[in-house]
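Asks:
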Amino acid sequence: RRFIEAMKGLQDHLGSLNDIATAPDMLAALELSDVTGADDLFSGEDKSKLLKDAAEAHDTFVKTRRFWR
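Using this note's numbering, the letters of the sequence shown map in sequence onto residues 13 to 81.
1. Closest to Pro36 by C-alpha separation, out of Gly27, His25 and Asp52, would be which residue?
2. Could you give the DSSP three-state label for Val74: helix, strand or coil?
3. Can you find a heavy atom of the ligand NAP that lies under 6 Å from the Cβ of Asp31?
4. Under three-state DSSP, which class holds Leu44?
5. Starting from the C-beta of Leu39, find all residues in its chain whose C-beta is less than 6 Å away, skip the five residues before and the five after it, and write them out in chain order.
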């Protein structure tokens, strides 16, 4: 159970990082890059926090005992 919860946490954080990585291309494809506030969707502070949180979730996941062992 702990392994699954750790995996879910990691997956959520990786999904958030993916959102940041793909947002500029998605906005451009929808011709929304020039909309007021588009550049502010993810600030540098947000990115730093998400990276830190993802790293912590990864550490937790790696340290969690696998249920099949």
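Backbone N, C-alpha and C fix where the C-beta goes; we use that ideal spot for every residue, glycine too. Since the structure is predicted, the reported quantities are computational estimates derived from the model, not experimental observations.
Replies: According to the data block:
1. Asp52
2. helix
3. No copy of the ligand NAP appears in this structure; indeed no ligand is present at all.
4. coil
5. Ser45 and Ala50
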